[in-house]
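What follows is a short report on a single structure.
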Amino acid sequence: MSKDSCEALPRWVIAAVPAVLLALLAGSTWFYRSQAQQHQQMVTATLMSTARLKSNQIAAWRSERFADASILHESPFLTAPVTEYLATGNGKHKESLRLLFRSLQRHYGYANILLVDTEGRVHLSMIENLQHLDGYQVALATALRNNKPAFTNLHNGPNRMARHISVVSPLFIHQGPNRRPLGAIILVSNASQFLYPLMKSWPTPSESAETYLVKRDGNDASFLHKLRHQAATSGELRLPLRRSDVPAVMAVLGKQGIVGGKDYRGIETMAAILPVPDTPWFMVAQIDATELFAEWRSRMILSLLLLLAVLGSLTGIGLAAWHRKKKRHYQSLYQAETKLNESVERHAITLKAIGDAVIATDFRGAVEILNPVAEDLTGWTQCEALGKPLSEVFRIISEDTRQTVEDPVAKVLREGMIVALANHTLLIAKDGREIPIADSAAPIRSEHGEITGVVLVFRDQSEERRIQRLMETRLSLLEFATNHSLDELLTKALDMVGELVKSPIGFYHFVAADQQTLSLQQWSTRTLQEFCHAECRGMHYSLDQAGVWADGVRGKKPVVHNDYWSLPGKKGLPEGHAALIRELVVPILREDQVVAILGVGNKSSDYTEQDVAIVEYLADVTWEIIEQKRTAEALRESETFLGMLLNAIPVPVFFKDKEGRYQGFNRAFESFFGETWQRLIGKTVFDINPRELAEIYFAKDNELFEGGGTQQYESQIKNAHGTVRDVMFNKATFKDSQGNLKGLIGT
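Note that the working numbering gives residue 95 to position 95 of the sequence shown, counting from 1, and the numbers run on in steps of one.
What follows is the structure, given as structure tokens:
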């Protein structure tokens with residue numbers, strides 16, 4: 001720099017430049033250190049709060065399960081039916097217990113509910129063919145010993161069930177010092193429904209952050225689930241306790257709080273460790289050190305670059321002081337424009353990333369912005385919609401009345417407040433699609449409070465509506481089945497399926513066990529009234545003779561024919577049969593065998609994968625209800641037949657349990673004794689006989705119970721009218737399928 005140039009610089013500039021440089025260096029150093037400390041505190045606080053939140057969520061979840069088990073344990077209404085069912089296998093109590101268990105399973109999300117005796121034998125399960133249990137013995141013994149519910153460890157379930165954790169609710173006959181263990185109810189929860197998803201989640205986007213659970217297992221730290229960075233084919237990970245630099249090992253050795261070390265991959269991490277209350281588990285929330293400081297390093301590099309830019313600017317100002325005002329003015333404009341562009345770009349990216357549809361208008365209601373989701377739902381592109389009135393792009397009607405709904409943006413502009421659409425609103429897309437939506441609109445105000453536009457946010461509710469309709473249909477069929485015949489149930493199911501998938505034709509066939517014979521069981525109401533007049537209900541078909549509609553049986557998977565008449569393998573239709581244009585046929589499988597098929601046809605448009613899913617679900621629901629109804633009818637018929645047989649025997653017949661209580665008798669016994677069953681059932685000989693006779697009967701019963709076999713003896717009996725008769729008793733004991741004494745039968 002020349003002397004003239006130096007002399008051209010003001011003296012205050014020459015004096016101020018070194019001072020400013022020193023201040024900048026000092027300030028940068030302080031800023032560097034404070035930012036590093038602040039960033040580390042923020043990350044460790046995030047790790048600690050994440051670990052604490054998930055630990056508390058697990059504790060709350062376990063408390064809910066424990067509370068459910070405690071309600072069952074303390075219920076005075078379960079002891080009698082469970083005792084009766086475990087003692088006699090009474091079908092009535094079995095069904096009532098099954099209904100209770102099914103309700104608990106459905107409403108509280110249990111994977112299975114079991115009833116076991118004190119030896120752990122399964123007497124009742126919501127999963128069929130579950131004969132034995134593994135992993136419950138310790139918890140069962142603990143629950144029975146401590147007279148309160150106990151949790152099992154996390155372990156694999158039987159019959160290839162996913163890993164689960166269960167709570168054992170003990171049941172006792174009586175309470176206090178005289179209580180006697182009866183068995184237990186086991187509430188089974190799949191770890192994949194709550195525990196594993198909870199572990200996989202992280203509150204913010206991160207490439208390395210994860211949470212996991214560990215426990216001590218001997219001399220190892222055992223990870224309780226698959227890890228984020230663990231190979232998909234790897235088994236559950238265990239690390240020896242000598243790996244004391246690993247946060248998981250630190251956790252099981254008792255360390256808590258924020259720690260640093262190498263994780264199971266050998267990568268430097270920072271982690272937060274907390275114990276999970278009331279469990280042997282430890283919660284570890286960790287993040288890689290590289291990611292931990294990546295954002296901070298980026299900010300520091302940017303700060304350094306900014307510092308260099310400022311230094312360069314100051315140097316430039318010193319070299320060209322006479323242009324400093326103009327340069328500062330241009331620099332200010334440039335920075336403002338840069339920030340504005342960055343802000344616009346950032347908001348545009350944010351708008352496009354939002355999962356809901358967003359439309360923004362100006363103060364006149366003309367469209368300015370559509371994000372990609374809004375383009376997809378409305379059928380309009382940003383270029384097509386720009387400047388058009390919102391009412392043209394966003395056409396909405398009432399689902400119930402089909403009347404046009406007031407434009408929400410117009411209402412916001414008129415009233416100046418946030419508004420929301422009423423329920424059951426349909427969006428009419430540009431291509432004519434009708435989409436159920438929920439939305440809200442809010443005004444955009446300037447810094448002076450003036451409305452400069454409106455933002456409209458809405459989302460597609462099609463899937464929510466579909467799931468709701470399916471649930472409502474299932475409940476409706478269950479309720480309908482209680483008071484209607486099997487044929488009426490099938491007709492109702494076909495009508496409801498046809499309505500959901502907009503199909504006027506519906507049919508239901510049963511498939512014989514040989515997998516070769518089909519029988520038409522029922523048509524839908526519309527099929528019989530409007531389309532099909534063929535006399536074929538109840539007819540049997542050979543699978544070899546059936547047309548392409550039976551491909552669902554042959555292939556054991558749904559079949560869709562959206563152009564029926566072009567199919568080369570069709571075999572024609574019987575006279576009076578409905579003309580088919582399209583059809584969807586779904587097989588219902590049980591144990592890899594087709595038991596029935598449900599078909600629909602003649603939808604006005606092609607059948608879709610969503611139609612297949614709807615029909616598959618309701619076909620399976622219908623079959624479950626059919627099986628329940630068949631089982632209930634068979635049970636009623638069996639009980640009625642047994643009662644008729646007993647009442648047809650002219651000799652008095654009675655049954656007692658092994659405690660000597662009357663459990664049943666025929667009409668001849670009632671007539672002979674002069675009492676009705678309501679007055680005798682559950683009574684002992686001491687309740688209904690003179691004491692001297694009761695002691696004879698009681699002694700004879702005990703003799704028979706101890707010796708087994710049969711018994712015959714003469715005695716007297718005094719009926720309800722006081723008449724004394726000489727009688728010959730014939731008695732024999734009976735046992736259950738496991739050989740356990742259940743009671744006696746006598747005449």
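Each residue gets a CB set at the ideal place from its N, CA and C atoms; glycine is no exception.
Determine the extent of the beta strand (DSSP E) in which Q521 is found, giving its start and end residues.
Boundaries of the beta strand (DSSP E) around Q521: T517 to W523.
Taking a contact to mean a Cβ-Cβ separation below 7 Å, would you say A379 touches D460 in this structure?
Residue identity differs from the one stated: residue 379 is Gly in this sequence, not Ala. For G379 and D460, no; Cβs fall outside 7 Å.
Ignoring anything shorter than 4 residues, give me the alpha helix (DSSP H) runs that lie fully in the region 361-403, in order along the chain.
When DSSP assignments are scanned along the region 361-403, the uninterrupted stretches of alpha helix (DSSP H) that are 4 or more residues long and fall wholly within it turn out to be 372-378, 382-385 and 390-393.
Host beta strand (DSSP E) of K492 (start-end)
Unbroken run through K492 is the alpha helix (DSSP H), L486 to L500; no beta strand (DSSP E).
If the criterion is Cβ atoms closer than 7 Å, does the pair V167 and Y212 meet it?
Between V167 and Y212, the gap from beta carbon to beta carbon reaches 7 Å or more.
For S524, count the other beta carbons within 10 Å of its own beta carbon; 16 or more makes it buried, fewer makes it exposed. Which is it?
The residue in question, S524, is buried, as its Cβ has 16 or more Cβ neighbours within 10 Å.
Cut-off 8 Å between Cβ atoms - residues of its own chain near A550, not counting five sequence neighbours on either side:
The beta carbon of A550 lies closer than 8 Å to those of L518, Y541, L543, V585 and I597 in the same chain, with the five residues before and after it left out.
Could you say if the region 729-742 and the region 696-716 meet the contact criterion of at least three C-beta pairs nearer than 8 Å?
A contact exists between the region 729-742 and the region 696-716.
What whole-angstrom Cβ distance do V409 and V393 have, given they're in contact under 8 Å?
The pair is not a contact, with the Cβ atoms about 10 Å apart (cut-off 8 Å).
Checking the sheet assignment: what are the DSSP bridge partners for V651?
DSSP, once it has assigned bridges, lists no residue as partnering V651.
Closer than 7 Å by C-beta to H174: which residues in its own chain qualify, once you throw out the five before and the five after it? Chain order, please.
Excluding the 5 residues flanking it on each side, H174 has same chain C-beta neighbours closer than 7 Å at R180, in chain order.
Which value, in whole angstroms, describes the spacing of the CA atoms of H448 and Q286?
Taking the straight line joining both Cα atoms gives about 46 Å.
Taking all protein chains shown into account, do 16 or more other C-beta atoms lie within 10 angstroms of the C-beta of K92, making it buried, or fewer, making it exposed?
So K92 ends up on the exposed side.
Does the separation of the CB atoms of V419 and K411 fall below 7 Å?
Yes, these two residues count as a Cβ contact at 7 Å.
Going by beta carbon distance, what residues of the same chain come within less than 7 Å of D117, once the five residues before and after it are set aside?
So the qualifying residues of the chain are L86, H123 and G183.
Enclosing beta strand (DSSP E) for Y508 [first to last residue]
Here the beta strand (DSSP E) through Y508 covers I505 to V511.
C-beta atoms of D220 and R238 nearer than 7 Å
A contact, by the Cβ cut-off of 7 Å.
Exposure of Y754, with buried meaning 16 or more beta-carbon neighbours within 10 Å
The structure shown has nothing for residue 754, since the chain only spans 1 to 747.
Fully enclosed by the region 232-315, which beta strand (DSSP E) runs are 3 residues long or longer?
238-240, 257-262, 268-275 and 281-288, all fully within the region 232-315.
If we call anything under 7 Å between Cβ atoms a contact, is T491 one with Q522?
Against a cut-off of 7 Å, the Cβ pair of Q522 and T491 comes out as a contact.
To which residues of the same chain is V501 closer than 7 Å at the C-beta, ignoring the five residues directly before and after it?
So the qualifying residues of the chain are V600, K603, D611, I614 and V615.
Within its chain, find whatever has a CB closer than 7 Å to the CB of R65; leave out the 5 residues flanking it on each side and keep chain order.
In its chain, beyond the 5 residues on either side, V167, L187 and S189 have a beta carbon closer than 7 Å to the beta carbon of R65.
Between the beta-carbon of P247 and the beta-carbon of G261, is there less than 7 Å?
Taking C-beta atoms as the reference points, P247 and G261 count as a pair closer than 7 Å.
Please classify F641: is it buried, with 16 or more other beta-carbons within 10 angstroms of its beta-carbon, or exposed?
Exposed, by the Cβ-count rule.
So, for T381: in the same chain, excluding its five sequence neighbours on each side, which residues have a beta-carbon less than 7 Å away from its beta-carbon?
Residues of the same chain with a CB within less than 7 Å of the CB of T381, apart from the 5 flanking positions on each side, are E375 in chain order.
Once DSSP output is grouped into helix, strand and coil, what is the label at A80?
In the structure shown, the three-state DSSP call for A80 is helix.
So, are the CB atoms of V454 and P443 less than 7 Å apart?
Taking 7 Å as the cut-off, the Cβ atoms of V454 and P443 count as close.
Using the beta-carbon count (16 or more within 10 Å), is V138 buried or exposed?
V138 is exposed by the Cβ-count criterion.
Under 6 Å Cβ to Cβ from L680, same chain only, skipping five residues before and after it: list those, please.
So the qualifying residues of the chain are Y662.
To the nearest angstrom, how far is the alpha carbon of T269 from that of L154?
The alpha-carbon separation between T269 and L154 amounts to approximately 27 Å.
In whole angstroms, give me the CA-to-CA distance for A309 and L24.
For the pair A309 and L24, the Cα-to-Cα distance works out to about 12 Å.
Could you pull out every residue in the same chain whose Cβ sits closer than 7 Å to the Cβ of N90, ignoring the five residues on either side in sequence?
So the qualifying residues of the chain are E84.
Mapping DSSP to helix, strand and coil, what is F194?
In the three-state DSSP reduction, F194 falls in the coil class, being neither helix nor strand.
F77 classed as buried or exposed, judged by whether at least 16 other C-beta atoms fall within 10 angstroms:
Exposure of F77 is indicated by the presence of fewer than 16 other C-beta atoms within 10 angstroms of its C-beta.
Since K742 and T88 are thought to touch, with beta carbons under 8 Å apart, how far apart are those beta carbons, to the nearest angstrom?
Rounded, the Cβ-Cβ distance is 6 Å, consistent with contact.
Any alpha helix (DSSP H) of 4 or more consecutive residues that is wholly inside the region 701-746
Taken in chain order, the region 701-746 contains no complete alpha helix (DSSP H) segment of 4 residues or longer.
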